[in-house]
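For the record, the sequence lines run as chains A and B.
For the first sequence, the positions run 1 to 174 when the working numbering is used.
For the second sequence, the positions run 175 to 630 when the working numbering is used.
Glycine included, every Cβ here is placed at the ideal spot set by N, Cα and C.
If you're wondering where the values come from, they're calculated on a predicted model, not measured in any experiment.
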Amino acid sequence: MERREYKQEINITPELQARIDELLSHYPADKKKSAMLPVLHAVQDAHENWLSVELMNRVAEILDVKPIEVYEVVTFYTMFNQRPRGKYTFEFCRTSCCTIRGGEDMIEYACKKLGIKEGETTEDGLFSVVGVECLGACGYAPMLQLGDFYHEHLTEEKFDVLVEDCKQGKIKLD
Amino acid sequence: MARKILLENIHIPGIKEYEVYRKNGGYSGVEKALKTMTPDQIVEEVKTSGIRGRGGAGFPMGLKWSFIDKKSGKPRHLVVNADESEPGTFKDRFLMEHIPHLLIEGAIISSFALEAHLSYIYIRGEYMWVFKILEKAIKEAYANGWLGKNILGTGYDLDLYVHCGAGAYICGEETALIESLEGKRGNPRIKPPFPAVSGLWAEPTVVNNVESISAVSWIVNNGGAEYASIGVGKSTGTKLISASGHIKNPGVYEIELGLTVDEFMNSDEYLGGMIDDRPLKAFIPGGSSVPILPAQYIFKTANGEDRLMTYESLADGGFTTGSSLGSGGFIVYNDSACVVRNTWNFSRFYHHESCGQCSPCREGTGWMEKILHRIETGYGREEDIELLWSIQGKIEGNTICPLGDAAAWPVAAAIRHFREEFEYHVRFPEKVKNIKHFVDEPMEKVRHLLTKTVQQ
């Protein structure tokens with residue numbers, strides 16, 4: 001994969017700060033580190049869904065921990081991204097229960113339609129297709145996750161509509 | 175008509191909302207527990223009910239509660255495990271999405287029984303919209319005096335928060351979950367000490383599954399003995415089963431333990447039989463970690479008795495001819511499914527989800543994935559089957575947490591029951607290079623090829 005430098009503008013808005021303060025209040029004052037995952041989610045959501053080293057350093061300051069303690073967490077959990085992804089990232093479940101009900105075919109269809117391979121992002125930065133492990137929708141297969149929401153009982157037609165809606169900015173991600 | 179405990183009120187419109195839930199008897203369990211019972215009495219009722227942990231391990235819940243260290247005087251915690259990620263399992267999500275207050279009510283009673291004043295619900299990060307449903311429901315519970323200081327004027331204080339994970343199957347293991355809740359990587363801890371003595375922030379902690387906690391209010395209201403009157407033997411009460419795969423009606427069902435597998439699979443009230451009228455080939459009763467069983471052991475045990483939906487009956491025959499109720503993730507396969515491909519799929523999952531602490535699991539899951547992939551894609555060798563068998567045997571029992579076992583068992587069961595499919599793959603590589611190899615030519619149609627090669 002080609003190496004690219006990605007720049008991220010850090011902006012802890014008053015709304016984000018208020019959310020961080022609320023999350024910190026859920027844990028004893030001397031156990032701030034426990035707020036790590038919720039705070040990382042909140043910060044990532046407010047920064048186009050990825051975390052640069054600079055942003056992770058800022059989270060370390062917020063939580064009063066060493067930067068390495070944030071890096072080791074970010075690299076462990078799959079939901080934290082260390083580089084930008086497509087604005088609309090389709091995360092298809094690729095685990096058994098979905099694949100036997102057409103999950104693999106759906107991934108293939110999505111890649112073909114968008115002209116990318118699994119794991120890639122379209123040139124315009126709009127779409128990514130990713131295969132992920134079981135999302136707990138086995139009875140409603142095939143399915144994908146987009147932002148906070150699940151799209152279940154997928155068909156090629158439903159996927160076409162979804163892509164069109166994304167292009168027109170009609171899709172809410174959270 | 176089968177009795178319902180968890181889903182009894184699920185059909186009521188608006189049951190997700192506080193007012194509707196309350197109007198239909200919601201939170202009466204908290205009233206009864208806090209006003210008329212002592213914590214020890216609640217623990218006794220839960221023990222009497224015989225309810226077993228619904229996350230997968232099936233450990234008696236009352237017994238687990240009785241281990242919590244109340245002598246040290248340290249703060250205690252209840253942590254609800256909502257990190258549902260076992261492939262095939264989507265029942266906890268169903269409960270939390272549709273009747274979130276049932277879980278919150280159970281968590282309040284359980285925290286009171288454990289004399290905990292700060293409790294958490296740890297939910298997997300991908301269920302972000304469910305996280306928001308729970309956050310809202312918890313706010314409603316605070317606003318109506320069910321959480322916070324001096325609940326119902328009894329002097330009992332409790333804070334309950336929902337905490338989200340970030341995409342790691344391993345955090346469903348209780349000590350990994352606690353590590354994660356402390357803001358660390360989800361590496362399971364060496365036990366002992368068990369969480370009941372040293373859990374969250376080294377304080378006594380009980381971790382219970384969503385479904386287990388959601389049953390507590392009913393047990394308090396109706397008595398442990400009433401709960402224990404449902405079911406068979408040591409499998410008491412009801413269980414949520416999440417069904418998926420090649421069946422007519424996939425979804426979440428509440429069953430009385432003791433129902434026959436045959437009725438569950440084939441009656442219209444439940445799964446309604448197979449789709450497309452293709453024959454049943456295999457099933458996994460309790461999530462991807464438990465052994466897959468071939469058709470002949472599904473409805474009957476090896477002794478010819480009816481197979482029941484109970485902890486004991488599903489495990490009858492040990493791992494030779496039995497499996498496990500596990501999490502209740504019920505996955506059904508017809509003859510178009512390839513067992514090798516399925517096993518490779520699961521091995522990829524476990525390799526991806528191994529935390530990397532123990533070498534047998536970190537390395538072994540990767541080796542198994544690679545070998546299974548080459549067999550499935552037509553590049554396998556005859557000796558690969560023995561190699562797989564040997565690797566899985568070296569993972570099992572040699573790791574800190576059960577993820578190693580969970581990765582080994584599906585591979586062992588697949589080879590044990592479907593060895594001929596592995597042989598077919600290595601002997602007829604050209605035939606399996608088409609990924610849909612069993613759709614048009616199921617094993618039944620090509621089995622004769624194997625006997626021919628043996629005769630040669």
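Item                                                                                                                         : Value
Status (buried if at least 16 other CB within 10 Å, exposed otherwise) for ARG173 of chain A                                 : Checking the sequence, you will find Leu at residue 173 of chain A rather than Arg. The residue is exposed, with fewer than 16 neighbouring Cβ atoms inside 10 Å.
Cβ-Cβ distance between SER391 of chain B and GLU279 of chain B below 8 Å                                                     : yes
Extent of the continuous beta strand (DSSP E) run through LEU332 of chain B                                                  : 330–338
Whole-number beta carbon distance between ALA580 of chain B and GLN566 of chain B, since they are thought to touch under 8 Å : Incorrect: roughly 11 Å between the Cβ atoms, too far for contact.
Close-in-space but distant-in-sequence residues of the same chain around GLU54 of chain A (CB under 8 Å, 5 per side omitted) : GLN8, ILE10
Residue from B:ASP333, B:GLY357, B:PHE264, B:GLU537 whose Cα sits closest to the Cα of SER521 of chain B                     : B:GLU537
Below-8 Å beta-carbon distance, HIS611 of chain B vs any chain A residue                                                     : no
Cβ separation of SER462 of chain B and GLU594 of chain B, assumed to be a contact under 8 Å, to the nearest whole Å          : Contact doesn't hold; Cβ gap of about 22 Å is too wide.
Per-residue contacts from LYS172 of chain A into chain B (C-beta, under 9 Å)                                                 : The premise fails here: LYS172 of chain A is roughly 11 Å from chain B at the closest Cβ pair, so nothing lies under 9 Å.
Rounded C-alpha distance that separates GLU61 of chain A from GLY102 of chain A                                              : 46 Å
DSSP state of ASN57 of chain A mapped onto helix, strand, coil                                                               : helix
Neighbouring residues, chain A, relative to ALA315 of chain B (Cβ below 7 Å)                                                 : Correct list: empty, because the minimum Cβ distance to chain A is about 15 Å.
Inter-stretch contact at 8 Å, needing at least 3 Cβ pairs: the segment 128–139 of chain A / the segment 68–75 of chain A     : no
Simplified DSSP state of ARG476 of chain B, which is helix, strand or coil                                                   : The question names Arg, yet the displayed sequence has Ala at residue 476 of chain B. Residue state, collapsed to three classes: coil.
Residue burial classification, PRO213 of chain B (beta-carbon count within 10 angstroms, cutoff 16)                          : buried
Three-state class that DSSP yields for ILE186 of chain B in the structure shown                                              : coil
Opposing strand residues paired with TYR553 of chain B [DSSP bridges]                                                        : Note: TYR553 of chain B sits in no beta bridge, so no partner.
C-beta atoms of LEU499 of chain B and THR517 of chain B nearer than 8 Å                                                      : no
Chain-ordered neighbours of LEU37 of chain A on chain B, where CB pairs are closer than 8 Å                                  : GLY299, HIS337, CYS338, GLY339, ALA340, SER354, GLY357
Extent of the continuous alpha helix (DSSP H) to which HIS272 of chain B belongs                                             : 265–272
Identified DSSP bridge partners for CYS93 of chain A                                                                         : A:VAL132
Interface residues of the segment 415–429 of chain B facing chain A [CB-CB below 8 Å]                                        : SER416, ALA417, SER418, GLY419, HIS420, PRO424, GLY425, VAL426
GLN630 of chain B, buried or exposed, once every other Cβ within 10 Å from all chains shown has been counted against 16      : Because the pLDDT at GLN630 of chain B is just 49, under 50, the model does not fix this residue reliably, and the point stays unresolved.
Beta-carbon proximity of TYR401 of chain B to GLY411 of chain B, cut-off 8 Å                                                 : yes
Any C-beta of chain A under 8 Å from that of TYR553 of chain B                                                               : no
ILE364 of chain B, buried or exposed, once every other Cβ within 10 Å from all chains shown has been counted against 16      : exposed
Separation of GLY232 of chain B from PRO534 of chain B, as counted between CA atoms                                          : 25 Å
Same chain only: Cβ atoms within 7 Å of GLY119 of chain A, ignoring 5 sequence neighbours per side                           : VAL130
Local conformation of LYS7 of chain A per DSSP, three classes                                                                : coil
Residues from the segment 273–304 of chain B in contact with chain A, defined by Cβ distance under 9 Å                       : LEU292, TYR294, ARG298, GLY299, GLU300, TYR301, MET302, TRP303
Check whether ASP509 of chain B and MET617 of chain B have beta carbons under 8 Å apart                                      : yes
Interface residues of chain A facing GLU527 of chain B [CB-CB closer than 8 Å]                                               : GLU133
CB-CB length for GLY360 of chain B against CYS529 of chain B, believed under 8 Å                                             : 6 Å
Residues near GLU156 of chain A in its chain [Cβ-Cβ closer than 7 Å; skip 5 each side]                                       : TYR109
Integer Cβ distance of ALA281 of chain B from VAL254 of chain B, believed to fall under 8 Å                                  : 6 Å
SER409 of chain B (DSSP reduced to helix, strand or coil)                                                                    : strand
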